[in-house]
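*Asks:* One structure, as structure tokens, below. Some questions next.
There are 2 protein chains.
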Amino acid sequence: MEDDDFDLGLRLRALRQLNELSQRELAKRAGVSNAVISLIEQNKSSPSVGVLKKVLAGIPISVSAFFSQDLTPRQKVFYRAEDLTEIGSGNISYQQVGRDLSDKALQVLHERLKPGADTGETLLRHESEESGIIISGEIELTVGDQRKILKAGDAFYFDSRIPHRWRNSGEVDAVIISACTPPTF
Amino acid sequence: MEDDDFDLGLRLRALRQLNELSQRELAKRAGVSNAVISLIEQNKSSPSVGVLKKVLAGIPISVSAFFSQDLTPRQKVFYRAEDLTEIGSGNISYQQVGRDLSDKALQVLHERLKPGADTGETLLRHESEESGIIISGEIELTVGDQRKILKAGDAFYFDSRIPHRWRNSGEVDAVIISACTPPTF
DNA sequence: CTTTCATGCTTATTATAATTAACACTATTA
DNA sequence: TAATAGTGTTAATTATAATAAGCATGAAAG
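Below, the structure written as structure tokens:
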């Protein structure tokens, strides 16, 4: 969380290249001159937060996310799974990773909702947390007294004990990848 | 974006007063002139991040904490695409849902690997499980003595204590949504 | 080979932020 | 009644960042 070793120029450059943008392309999106990007990346100038905001909006990334150098040490590992198991019905498809989750600590789902599809009010009483990312389409998610429409790339994280529901508020199929833990059924 | 309504001046003033510092006292500690504090708090000037760093060091608070609007007593549920925390570098992008996972039981990531991107051999000794789904592109996974190429729609589930690695074996970017539990390191 | 385009970098000028030194206000104190 | 020390604000100057234009390199095309 400390910023002493925070190299702003390096971080901006990494983010820009990660998003496959040239200095000029980013500058154009951000509405600044290309020299600004060059100078900032070389740490030859310290941008005002106003300008930094504009630049980051062109990537896009928020200022707070930019400074969150959360180097959460991440486990870099993957393994092959079984075919996805269809556990849904009607106009909502739930494709689950893995067949028998009884001894597992994680449930990952590939969900597809047809337009208008609704989960209905759900009250879960087990201790678990749920998170996911919208792949395509549009989802209206209600958690407790909070409600928001999420689109492709947006995400969510909540405690499953809070009453929640979601529905496809768009005109096309909505696709979500979600995860929850533990998969106690 | 969460920063659209971010009032930098207001936030600085609130933090300064919370710490019972006068503009002059804070300026002295920060090594800047007192007028700077006044102008920033009135949003009459947009400080460079260099100056902002110095000012915040006088409170003291880190830049990342300053921009993290975690004042919200309310649990954060919705994350916009640009608010996902980028924790990657180089040719692998990891966008994490949520910033501080220290009290959470789930880590969900939106990953993007450039062609040829490779994690290298990793040996992890944590008791955790990981799962995910390939959204697009092609991934070659190696786990123990098994190896397989996964394409869009394929998925995986494994015990992360097994040595493993993965790389983008295709010609285009590969996108994965993955989850692992717990994020306690 | 030359031409064209895109890339990142550099320089001179312009715009903006930071400093210095004042101002106005309040509360305390002689 | 000043006189003093604290506060936040402001104006003029200086320092710095942002712009516009051009330079240099490298890749692809003619």
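Taken in order, these protein sequences are the chains called B and R. The opening residue of the first sequence carries number 1 in our numbering; numbering runs sequentially from there. The opening residue of the second sequence carries number 1001 in our numbering; numbering runs sequentially from there. By construction, the Cβ of each residue, glycine as well, lies at the ideal position given by its N, Cα and C atoms. Quick caveat, the model's predicted, so the values are computed rather than measured.
#1: Between residue 156(B) and residue 164(B), what straight-line distance do the alpha-carbon atoms span, to the nearest angstrom?
#2: For a test of the three-state rule: what should DSSP assign to residue 1025(R), helix, strand or coil?
#3: Pair every Cβ in the segment 1011-1023 of chain R with every Cβ in the segment 164-173 of chain B, then say whether three or more of these pairs are closer than 8 Å.
#4: Can you tell me whether residue 52(B) is buried or exposed, with buried defined as 16 or more other CB within 10 angstroms of its CB?
#5: Is the Cβ-Cβ distance between residue 1129(R) and residue 1159(R) less than 8 Å?
#6: Check for me: the beta strand (DSSP E) holding residue 135(B) runs from which residue to which?
#7: Give every residue of the same chain whose Cβ lies closer than 6 Å to the Cβ of residue 38(B), excluding the five residues on either side of it in the sequence, and list them in chain order.
#8: Check distances from the C-beta atoms of the segment 1031-1049 of chain R to those of chain B and list, in chain order, the residues that come in under 9 Å.
#9: Considering residue 53(B), what are the terminal residues of the alpha helix (DSSP H) in which it resides?
#10: What is the DSSP secondary structure of residue 171(B), counted as helix, strand or coil?
#11: In angstroms with no decimal places, state the Cα-to-Cα distance between residue 66(B) and residue 1059(R).
#12: Would DSSP call residue 1000(R) helix, strand or coil?
#13: Output yes if chain R places a C-beta closer than 8 Å to the C-beta of residue 9(B); else output no.
#14: Please list, in chain order, all residues of the same chain as residue 1013(R) whose beta carbon is under 7 Å from its beta carbon, the five residues on each side excluded.
#15: Am I right that residue 172(B) and residue 137(B) are in contact with their C-beta atoms under 8 Å? What's the rounded C-beta distance?
#16: Under a three-way DSSP split, which group does residue 63(B) fall into?
#17: Taking Cβ-Cβ distances shorter than 8 Å, what residues in chain B pair up with residue 1052(R)?
#18: Could you tell me which of 179(B), 55(B) and 146(B) sits nearest to residue 33(B), measuring between CA atoms?
#19: Suppose you measure from the CA of residue 150(B) to the CA of residue 1178(R); what does that come to, to the nearest Å?
#20: Does residue 7(B) pass the burial test, meaning 16 or more other C-beta atoms within 10 Å, or should it be called exposed?
#21: Are there 16 or more other CB atoms within 10 angstroms of the CB of residue 1112(R), so buried, or fewer, so exposed?
#22: Could you check where the beta strand (DSSP E) with residue 107(B) kicks off and where it finishes?
#23: Use the C-beta contact count for residue 1027(R): other C-beta atoms within 10 angstroms, 16 or more gives buried, fewer gives exposed.
#24: Cβ of residue 119(B) less than 8 Å from any chain R Cβ?
#25: Interface residues of chain B around residue 1059(R) at Cβ under 8 Å?
#26: Regarding residue 116(B) and the ligand GDP, is the C-beta to nearest heavy atom distance less than 7 Å?
#27: Since residue 22(B) meets chain R, which of its residues come closer than 9 Å, beta carbon to beta carbon?
#28: Just reading off the beta strand (DSSP E) that residue 1017(R) is part of, what are its end residues?
#29: In the DSSP assignment, find the beta strand (DSSP E) that holds residue 1152(R) and state where it starts and stops.
#30: Are there 16 or more other CB atoms within 10 angstroms of the CB of residue 1132(R), so buried, or fewer, so exposed?
#31: Beta carbon of residue 134(B), beta carbon of residue 116(B): below 8 Å?
#32: Compute the Euclidean distance between the alpha carbons of residue 31(B) and residue 1029(R), then round it to the nearest angstrom.
#33: Kindly indicate if chain B contains any beta-carbon less than 8 Å away from that of residue 1169(R).
#34: Is it true that the CB of residue 48(B) sits closer than 8 Å to the CB of residue 1064(R)?
#35: From the DSSP secondary-structure annotation, give me the bridge partner or partners of residue 142(B).
*Replies:* Well, looking at it:
#1: As a working mapping, residue 156(B) is identified with position 156 in the first sequence. As a working mapping, residue 164(B) is identified with position 164 in the first sequence. Computed Cα separation, rounded: 12 Å.
#2: As a working note, residue 1025(R) is residue 25 in the second sequence. The answer is helix: DSSP assigns residue 1025(R) an H, G or I state.
#3: Counting C-beta pairs with one atom in each stretch, the segment 1011-1023 of chain R and the segment 164-173 of chain B have fewer than three that are closer than 8 Å, which means they do not touch.
#4: Residue numbering aside, residue 52(B) sits at position 52 when the first sequence is read from its first letter. Residue 52(B) comes out buried.
#5: To locate residue 1129(R), count along the second sequence from 1; it is residue 129. To locate residue 1159(R), count along the second sequence from 1; it is residue 159. Yes.
#6: Counting from 1 along the first sequence, the entry for residue 135(B) is found at position 135. First-last of the beta strand (DSSP E) with residue 135(B): 129-136.
#7: Taking the first sequence and counting its residues from 1, one reaches residue 38(B) at position 38. Taken in chain order, the residues that qualify are 23.
#8: 1045, 1046, 1047, 1048 and 1049
#9: In the first sequence, residue 53(B) corresponds to position 53, counting from 1. That run of the alpha helix (DSSP H) goes 49-57.
#10: Translated into the one-based positions of the first sequence, residue 171(B) becomes position 171. Coil.
#11: Start at 1 with the first residue of the first sequence, and residue 66(B) comes out as number 66. Start at 1 with the first residue of the second sequence, and residue 1059(R) comes out as number 59. Between residue 66(B) and residue 1059(R), the C-alpha separation is close to 21 Å.
#12: Because chain R is modelled from 1001 through 1185, residue 1000(R) falls outside the range shown and cannot be assessed.
#13: As a working note, residue 9(B) is residue 9 in the first sequence. Judged by the 8 Å Cβ criterion, residue 9(B) is not in contact with chain R.
#14: Taking the first residue of the second sequence as 1, we reach residue 1013(R) at position 13. 1041, listed in sequence order.
#15: As a working mapping, residue 172(B) is identified with position 172 in the first sequence. As a working mapping, residue 137(B) is identified with position 137 in the first sequence. Correct: roughly 5 Å between the Cβ atoms.
#16: The residue given as residue 63(B) occupies position 63 in the first sequence. In the structure shown, residue 63(B) sits in a helix (DSSP, three-state: H, G or I).
#17: Mapped onto the second sequence, residue 1052(R) falls at position 52. Going along chain B in sequence order, the residues near residue 1052(R) (Cβ under 8 Å) are 49.
#18: Against the first sequence, residue 33(B) aligns to sequence position 33. Residue 55(B) is the option with its Cα nearest to residue 33(B).
#19: As a working note, residue 150(B) is residue 150 in the first sequence. As a working note, residue 1178(R) is residue 178 in the second sequence. Cα to Cα, residue 150(B) sits roughly 19 Å from residue 1178(R).
#20: The sequence position of residue 7(B) within the first sequence is 7, counting from 1. Looking at its Cβ environment, which holds fewer than 16 other Cβ atoms inside 10 Å, residue 7(B) is exposed.
#21: Against the second sequence, residue 1112(R) aligns to sequence position 112. When all chains shown are included, residue 1112(R) counts as buried.
#22: The residue given as residue 107(B) occupies position 107 in the first sequence. Element bounds for residue 107(B): 107-113.
#23: By 1-based counting over the second sequence, the position of residue 1027(R) is 27. When all chains shown are included, residue 1027(R) counts as buried.
#24: Here residue 119(B) refers to the residue found at position 119 of the first sequence. Closer than 8 Å: no.
#25: Locating residue 1059(R) in the second sequence gives position 59, where the first residue counts as 1. Ordered by position in chain B, no residue passes the 8 Å Cβ test against residue 1059(R), which lies about 13 Å from the chain.
#26: In terms of ligand content, the structure shown is empty, and the ligand GDP therefore cannot be addressed.
#27: Locating residue 22(B) in the first sequence gives position 22, where the first residue counts as 1. Near residue 22(B) there are no residues of chain R at all, since even the closest Cβ is about 16 Å away, more than 9 Å.
#28: Along the second sequence, one-based indexing puts residue 1017(R) at 17. Where residue 1017(R) is concerned, there is no enclosing beta strand (DSSP E), although the alpha helix (DSSP H) it sits in stretches over 1008-1018.
#29: Looking up residue 1152(R) in the second sequence gives position 152. Where residue 1152(R) is concerned, there is no enclosing beta strand (DSSP E), given that its DSSP letter is neither H nor E.
#30: Against the second sequence, residue 1132(R) aligns to sequence position 132. Counting Cβ neighbours within 10 Å, residue 1132(R) comes out buried, since at least 16 surround it.
#31: In the first sequence, the residue the question calls residue 134(B) occupies position 134. In the first sequence, the residue the question calls residue 116(B) occupies position 116. Contact: no.
#32: The residue given as residue 31(B) occupies position 31 in the first sequence. The residue given as residue 1029(R) occupies position 29 in the second sequence. Computed Cα separation, rounded: 35 Å.
#33: The count along the second sequence starts at 1 and reaches residue 1169(R) at position 169. No, residue 1169(R) does not count as interfacial toward chain B.
#34: Within the second sequence, the letter at position 64 stands for residue 1064(R). Within the first sequence, the letter at position 48 stands for residue 48(B). Not in contact: residue 1064(R) and residue 48(B) (Cβ atoms no closer than 8 Å).
#35: By one-based count along the first sequence, residue 142(B) stands at place 142. Its beta-bridge partners are 147(B) and 165(B).
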